[in-house]
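Student: Here the protein sequences come in this chain order: Y, B, S, U, W, F, L and A. The letter at position 29 of the first sequence is residue 29 when you use my numbering, and the numbering goes up by one with no holes. Just so we're on the same page, my numbering is the position in the second sequence counted from 1, plus 1000. Just so we're on the same page, my numbering is the position in the third sequence counted from 1, plus 2000. Just so we're on the same page, my numbering is the position in the fourth sequence counted from 1, plus 3000. Just so we're on the same page, my numbering is the position in the fifth sequence counted from 1, plus 4000. Just so we're on the same page, my numbering is the position in the sixth sequence counted from 1, plus 5000. Just so we're on the same page, my numbering is the position in the seventh sequence counted from 1, plus 6000. Just so we're on the same page, my numbering is the position in the eighth sequence counted from 1, plus 7000. Built from N, CA and C at the ideal position, the CB exists for glycine as well. Have a look at the structure that comes next, please.
There are 8 protein chains.
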Amino acid sequence: MTEFRLDHDRATRTGIPEAVFCEHKSAAQIAAIGAAMMKAGQRMLFTRLRSEMFAALPAGLRGGLDYDPDSGTAFLGAASPEQEMIEGIGIVAAGTSDLPVAREAARTLAFHGYAGPVCADVGVTGLWRLTEQLETLRRHRIIIAVAGMEGALFTVLAGLIEAPVIAVASSVGYGVAADGRVALNVALASCAPGVVAVNIDNGFGAATAAIKILRSVGR
Amino acid sequence: MTEFRLDHDRATRTGIPEAVFCEHKSAAQIAAIGAAMMKAGQRMLFTRLRSEMFAALPAGLRGGLDYDPDSGTAFLGAASPEQEMIEGIGIVAAGTSDLPVAREAARTLAFHGYAGPVCADVGVTGLWRLTEQLETLRRHRIIIAVAGMEGALFTVLAGLIEAPVIAVASSVGYGVAADGRVALNVALASCAPGVVAVNIDNGFGAATAAIKILRSVGR
Amino acid sequence: MTEFRLDHDRATRTGIPEAVFCEHKSAAQIAAIGAAMMKAGQRMLFTRLRSEMFAALPAGLRGGLDYDPDSGTAFLGAASPEQEMIEGIGIVAAGTSDLPVAREAARTLAFHGYAGPVCADVGVTGLWRLTEQLETLRRHRIIIAVAGMEGALFTVLAGLIEAPVIAVASSVGYGVAADGRVALNVALASCAPGVVAVNIDNGFGAATAAIKILRSVGR
Amino acid sequence: MTEFRLDHDRATRTGIPEAVFCEHKSAAQIAAIGAAMMKAGQRMLFTRLRSEMFAALPAGLRGGLDYDPDSGTAFLGAASPEQEMIEGIGIVAAGTSDLPVAREAARTLAFHGYAGPVCADVGVTGLWRLTEQLETLRRHRIIIAVAGMEGALFTVLAGLIEAPVIAVASSVGYGVAADGRVALNVALASCAPGVVAVNIDNGFGAATAAIKILRSVGR
Amino acid sequence: MTEFRLDHDRATRTGIPEAVFCEHKSAAQIAAIGAAMMKAGQRMLFTRLRSEMFAALPAGLRGGLDYDPDSGTAFLGAASPEQEMIEGIGIVAAGTSDLPVAREAARTLAFHGYAGPVCADVGVTGLWRLTEQLETLRRHRIIIAVAGMEGALFTVLAGLIEAPVIAVASSVGYGVAADGRVALNVALASCAPGVVAVNIDNGFGAATAAIKILRSVGR
Amino acid sequence: MTEFRLDHDRATRTGIPEAVFCEHKSAAQIAAIGAAMMKAGQRMLFTRLRSEMFAALPAGLRGGLDYDPDSGTAFLGAASPEQEMIEGIGIVAAGTSDLPVAREAARTLAFHGYAGPVCADVGVTGLWRLTEQLETLRRHRIIIAVAGMEGALFTVLAGLIEAPVIAVASSVGYGVAADGRVALNVALASCAPGVVAVNIDNGFGAATAAIKILRSVGR
Amino acid sequence: MTEFRLDHDRATRTGIPEAVFCEHKSAAQIAAIGAAMMKAGQRMLFTRLRSEMFAALPAGLRGGLDYDPDSGTAFLGAASPEQEMIEGIGIVAAGTSDLPVAREAARTLAFHGYAGPVCADVGVTGLWRLTEQLETLRRHRIIIAVAGMEGALFTVLAGLIEAPVIAVASSVGYGVAADGRVALNVALASCAPGVVAVNIDNGFGAATAAIKILRSVGR
Amino acid sequence: MTEFRLDHDRATRTGIPEAVFCEHKSAAQIAAIGAAMMKAGQRMLFTRLRSEMFAALPAGLRGGLDYDPDSGTAFLGAASPEQEMIEGIGIVAAGTSDLPVAREAARTLAFHGYAGPVCADVGVTGLWRLTEQLETLRRHRIIIAVAGMEGALFTVLAGLIEAPVIAVASSVGYGVAADGRVALNVALASCAPGVVAVNIDNGFGAATAAIKILRSVGR
């Protein structure tokens, strides 16, 4: 069960190369894909690679991976050198619990050569935490915002800045907010113009959308 | 089908007399209750009485009712004179679409002898609309806040004031926010302490809870 | 119940002036807002203004409105002249049933001075309808895609073009697809990078997000 | 991933200092926050800190914490001395299974200097268990009620006492009642005036709301 | 589209003859069934027959029907004479809004020759309304209880009497309780033994279940 | 956290003594209740007592319990001697996977002195399995039917026998049927008269309802 | 808003020509499509064309349509002559309320030249109604089964015949079964092999699937 | 708890012999069934037999089983020899994560003597992966398609080929797509004719439906 057919041409067609979503794959499947890429000398981004799964990969592959357990991402092949990072995208996380998702976005940006500075713990219960960062946030051309629980950050933020906001609901919460749907719905129902949403916990998707926007619109 | 058994003693027991929820009752049922109350010389609050239903009531009863079509409320019997209104409760509505629910709360307060000034159109997309009202809002001991769509107002408000916030989600919205559940969930999932919720569109419930709080705690 | 507090400063702060969402407002509320804007000589966009509601507005206001019944939008004040329209945003509608939402997006763009050519009936059941438009679609820097039913268009489109796709699920469908949630979830769960979503039927939101992106990123 | 930005000023602004919700945080994140607070000599309440997570914290921090495994709460710094506890808030738990949530409320009250006597096992299947406690319950100015399963307690209780009821649904149940939503909806749909709700299992939220009410209204 | 195939033998097999559920049938379909039954000289119960649909039936059929608009039920053929009514089943309705459903149960019982006295307006917000009826209610061998909103009646009632309770949630409510699911779930999640449930608004089903129980168990 | 208040009088009032639902209780809580009952010399039924929890109880209590791991039930005190078992209730299980729930019903019946013969594996895909048991099933006065997946058994069975059917949906299934709701809804929506439902997996509730019916109606 | 792009080639590619789903289209849109087809001399099937919408079409188009109000279908152009109808597909409807959906399937078959005899009112509450039709049903190579409420028909039928069953849930029901989802889930969760499902009320989809099966497999 | 009643006659009646669904069965139950079948010399297919459960079976049974851990299927008794495999059914899997479900289908086909070649990793984000397989896919008379996430494959595939598509949503995804419902709904709501659906992850059901179709229609 290790058949796969990589979409090598995707970067040309859509601007973003294919990545490997590891959550529902077996160690054998991930190892086979990794081996093929190593052999072909291609770079590859792995997402949602939990520590236990990483530990179950062959040592050879593990050695070739730049693995970050906090975000569950791994880079195969050399990342773009930090000094050349393209700027324009900022990441905001409502609370410290939202950092793994924010970091998945930051790492995805880094893999593709984009800077993704994270501004953490700016939940709207204490508005000053947000407003004292406004100056910095307003420098970005696109903001990726990550929030769980009730996600009020998305609306407040979009009402304060000119940049579009890519909202990523995180599955941080309990009771009615247990799976991130409340925060997602808040992003979708937001009265503030300029908020668009990606799937819950999808830091990768927010980052690739931001890159596509920068490439297509900022060209 | 006009049997009913009013809970005359409820005011003594719980502090709030029974009211008549008209939405699922027939005109005949409402008329029968009204006639009995008129005969007994008792005051009564009717809620969710739509204009068409009001028009279908007997002229005699209609004449005895102080009816407000915007909120769908009617008072049978003299309301408490305005000059004696007890203060302490403020009402905030996120948008003009939320005014019917806010007004149901205000009318319920008025029926019971409480002032309920409404501060409208303070949605958080333009934070200045809220912050310029803060001085006024901080004078209240309890705030009833009404908001539909994504309900971010609840969290932002509770992070700015000391008074507890009774959140009433309104069924104003469409798509994922069509029935008020998103705003309700936001109130329940709010990170800000001091937010409590009542049912969607339940201005009556928010008002009676505020009265019970004032009576029980403020005594 | 006609209190309102317009956010005159919003255009400066966020790049998009406030609009009036009419669906849950009474004719009196809409008329009052319109009168105030006419008096102030300000332009204003009204959305989700159904024909019956438009007919219920005062003749004076009606006369000042450029009303489009298909999309339920109205412009108060002169629109930007067509010849100056800013290009870069294209609109794709999966079927003819999706045209009202697509047109809400196009009208919102027009009100703000942006061109929004609509490419209709490119559902993926007949892929040729989409592929024969690819040349044209690839000229746009941002695509707004509208689709109901199962919304497969979002994924297929995003896999074929470089521009980011703002997906608007439309509430076109029945059975499991009755309210647009299936198409919305497809947009959110899409494997294709570069798809972001707004609320169901929210052509206005897609258009304002596209404008914010063009302004912030394309500057 | 240990960035955080505590809202030191929150107590002044809202009457309740910030607490640390531990459920979605890593041990490293909790330890960093704890160390900062110890260094600053500030008191802090930790909630939803499971035993395994507590055991994973550095010994130095563990030693400084007053940890209660039943409720998953920990106090950093000296609690308010018991003799000065402010009275007025009572806690009712429908069954013994609801005690962890009731205890989270009681501990939160204690941390802030409020007494929170718990009256347990008063489910309405045996009404006498509730009625024999009425005398005691009527002494409180606010009641926090915790119930899972079908939550009928909320309505019955609110029909018997004058104090407002803050309803906390607990996630105790199975089948249709598996996640506490039935009890929550019962609280929201209750016919009895004076019932307000917080999120499922949110003993902390009920306690802080009760405190805000006592402070704001009882002042 | 008037084909039908009545299950004439059902009474023998299951104890209950077939009835005609009218809600999704056309007037032509109902008329055809009625004509066939009149011709065959058979009695028949029609349920969920709204007034407008009744008015659309042929005059000949209308004349042969004992129609009750409150419950939407009609009897074709002579009902069992009142004096022979079999006793043992009591009906309880929480509020006056629940009477149409209670009456559907009572009429179904009557059609089959069973008495079904209705005890109305015994909601648990005022427990005395229920307790003062206990003596009467305890005389029945089976209780059909109808309640909407939060349905706390089911649990309280079952905790007070020995008879089994057949709970019928009614679709009386709004917000979270809009469609009767909260009351249904309360019946299903009830801690009190002896509560069984039928579908929302299904007075017919409760009545036929009660009859089957009396016939099968009370024989 | 071991406070409890047993409802010793419940058997007199409702016909069924209180039982201990163990799922959300700690070992300490269960042990305390058990110790109190042993001391008082009272019999007690424990339900949803998983093997791991049973193993965690004090040896003294374990020794006094008649524990059945398949159903998760335990009897404290002597069960009613088998020879005196009251007849009239039959149990039907659609598949072997439904046996734990069926057995919870059978054990609950046994604890109270009722026979509960189980007829297993009569799913309706092979109707002969059901029809060849009809003779036996028709001897019972009440049938408890347990089924997961799509629960078609409830309707087919109720169409074939005169006895009322207490339907217990089991949480056996996957995909759309993962939590037993489909089978529960089938029971509630069944066209066949005489089907009543209890909560998913609630063999205990079905058994106590059957006992209440036999006692109240069969007296 | 009348742009459309018909997929003339679809019949060649997939075996089924495109049809016009009218529910979300305006009269103007339908008229434009109809006019284009008439001009081109092409046959066309219209589905979900309600009587009011049909009445709103231009007389010229109406005259050219073979319209069936029961199923909401219309044929433009000559239907295949009855005598050449291809056999092999049978349609079963559980109740008379399910006939509109069954008839949509039959009309779709007829438009494409296939016979679709309907066998109505074979619900499983009276199994004899189904079993007495078994001989006839077993002659078909594919069965389209339509059922609402609890949909037990799907499982029972599939357990009795060799032909595959295409299950169409109908939105006939109320309470938990109000929108056809229960019947749909029953089809999906059925234990009986050979049951496949299409969308709720989708008689058209069942018919086209049956045709594709006959063409592709029976060739 | 090992009672079972196998439906030996099912193959004759429906064309497919009974299989053993292991997920909710205990090792003892599975072992008892296996022993009975071995004794009777009958072949048997076991599905959803996880590795841990397989390991818990008696060695004697394990030795007689052809077990495939990837799909969780086991054959008892000799499989049909490969050379006689009946052709006509093709399997398509959108991604490598969908292979376990695709393989359950392939193994079910193999057990019954049908070939089931799997074509993997043809997700529609890279359409070329699908179109380059079209030639091969068009040779099959029925296609089983497996896809998770947003399931756009179902619609695109059905728009390109003549064969009917049996869609199996897989529970591969996260956030809004966490349980496979989005992909299932896409299959049901698909605009493309000829798509029918089975339950989520139900490779077995797709395979048996395909076999029934081939046997009944292709005869």
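Could you spell out the range, first to last residue, of the alpha helix (DSSP H) harbouring Gly34/Y?
Tutor: Here the alpha helix (DSSP H) through Gly34/Y covers Ala27 to Ala40.
Student: Between which two residues does the beta strand (DSSP E) holding Phe2004/S run?
Tutor: Careful: Phe2004/S lies outside any beta strand (DSSP E) and carries neither H nor E.
Student: Output yes or no for whether 8 Å exceeds the beta carbon distance between Leu2109/S and Thr2073/S.
Tutor: no
Student: Below 8 Å, how does it come out for the segment 7164 to 7174 of chain A and the segment 7202 to 7214 of chain A: are there three or more Cβ pairs, yes or no?
Tutor: yes
Student: Mind checking whether Glu132/Y and Gly203/Y have CB atoms under 8 Å apart?
Tutor: no
Student: Considering only residues of the same chain and omitting the five flanking positions on each side of Leu3049/U, which have a CB-CB separation below 6 Å?
Tutor: Cys3022, Gly3072 and Ala3074
Student: Leaving aside the five residues before and after Gly6148/L along the sequence, list all residues of the same chain whose C-beta is less than 8 Å from its C-beta, in chain order.
Tutor: Ala6094, Gly6095, Ser6097, Asp6098, Ala6169, Ser6170, Ser6171, Val6172, Gly6173, Ala6177, Gly6180 and Ala6183
Student: Contact between the segment 5149 to 5156 of chain F and the segment 6149 to 6161 of chain L: three or more CB pairs below 8 Å?
Tutor: Contact check between the segment 5149 to 5156 of chain F and the segment 6149 to 6161 of chain L: three or more CB pairs, one atom from each, fall below 8 Å, which counts as touching.
Student: In the DSSP assignment, find the unbroken alpha helix (DSSP H) run with Met6053/L in it and report its ends.
Tutor: Ser6051 to Ala6055
Student: Does the beta carbon of Val4124/W come closer than 8 Å to any beta carbon on chain B?
Tutor: no
Student: Please list, in chain order, the residues of the segment 1184 to 1202 of chain B that have any C-beta partner in chain Y closer than 9 Å.
Tutor: Leu1184, Asn1185, Val1186, Ala1187, Leu1188, Ala1189, Ser1190, Cys1191, Ala1192 and Pro1193
Student: Could you work out which residue in Leu1160/B, Met1038/B and Ile1086/B is closest to Gly1077/B when comparing CA atoms only?
Tutor: Met1038/B
Student: Counting along the chain, where does the alpha helix (DSSP H) carrying Val6217/L start and finish?
Tutor: Gly6203 to Val6217
Student: To the nearest angstrom, how far is the alpha carbon of Arg4138/W from that of Leu5127/F?
Tutor: 42 Å
Student: What does Thr7073/A pair with, by DSSP beta-bridge criteria?
Tutor: Paired residue(s): Asp7068/A.
Student: Might you give, ordered along the chain, the residues of its own chain that have their beta carbon closer than 7 Å to the beta carbon of Pro58/Y, omitting 5 neighbours on each side?
Tutor: Ala31
Student: Identify every run of the alpha helix (DSSP H) within the segment 6101 to 6146 of chain L, keeping only runs that are complete inside it and at least 4 residues long; order them along the chain.
Tutor: 6127 to 6131 and 6134 to 6137
Student: If you measure between the beta carbons of Ile4089/W and Ile4144/W, is that distance less than 8 Å?
Tutor: Cβ atoms of Ile4089/W and Ile4144/W: closer than 8 Å.
Student: Glu7104/A versus chain F: which residues are under 9 Å apart at the beta carbon?
Tutor: Correct list: empty, because the minimum Cβ distance to chain F is about 12 Å.
Student: Using a Cβ-Cβ cutoff of 9 Å, what residues of the segment 3149 to 3165 of chain U are near chain B? List them in chain order.
Tutor: Identification of residues in the segment 3149 to 3165 of chain U having a C-beta nearer than 9 Å to some C-beta of chain B yields Ala3158, Gly3159, Leu3160, Ile3161, Glu3162, Ala3163, Pro3164 and Val3165, given in sequence order.
Student: Using the C-alpha atoms, what's the distance from Ala7206/A back to Pro6193/L?
Tutor: Approximately 9 Å between the Cα atoms of the pair.
Student: Who are the neighbours of Gly2175/S on chain A, taking C-beta pairs under 8 Å?
Tutor: Leu7188 and Ala7189
Student: Around the Cβ of Asp2009/S, are there at least 16 other Cβ atoms within 10 angstroms (buried) or fewer (exposed)?
Tutor: exposed
Student: Could you name the residues of the same chain whose beta carbon sits closer than 7 Å to that of Arg188/Y, not counting the 5 residues immediately before and after it, in chain order?
Tutor: Contrary to the premise, residue 188/Y reads as Leu rather than Arg in this sequence. Ala197, listed in sequence order.
Student: Starting from Leu6221/L, follow the alpha helix (DSSP H) in both directions and report where the run begins and ends.
Tutor: Residue 6221/L lies beyond the residue range present for chain L, which begins at 6001 and ends at 6219; the question has no answer from this structure.
Student: In chain A, what lies closer than 7 Å to Glu23/Y by C-beta?
Tutor: Tyr7174
Student: Can you name the residues of chain B whose CB is closer than 7 Å to the CB of Leu3214/U?
Tutor: Those within 7 Å of Leu3214/U in chain B are Val1217.
Student: Strictly under 8 Å for the Cβ-Cβ distance: is Arg6129/L near chain S by that measure?
Tutor: no
Student: Can you tell me whether Ala59/Y is helix, strand or coil according to DSSP?
Tutor: helix
Student: Under 6 Å Cβ to Cβ from Glu5087/F, same chain only, skipping five residues before and after it: list those, please.
Tutor: Ala5115.
Student: Residues of chain F with CB closer than 7 Å to the CB of Ser3097/U, please, in chain order.
Tutor: His5024 and Lys5025
Student: Step through the CB atoms of chain B and report whether any lies within less than 8 Å of the CB of Arg3043/U.
Tutor: no
Student: Please list the residues of the segment 7133 to 7145 of chain A that have a C-beta atom closer than 7 Å to any C-beta atom in chain L, keeping them in chain order.
Tutor: Arg7141 and Ile7142
Student: Please classify Leu3065/U as buried or exposed, where buried requires at least 16 other C-beta atoms within 10 Å of its C-beta.
Tutor: buried
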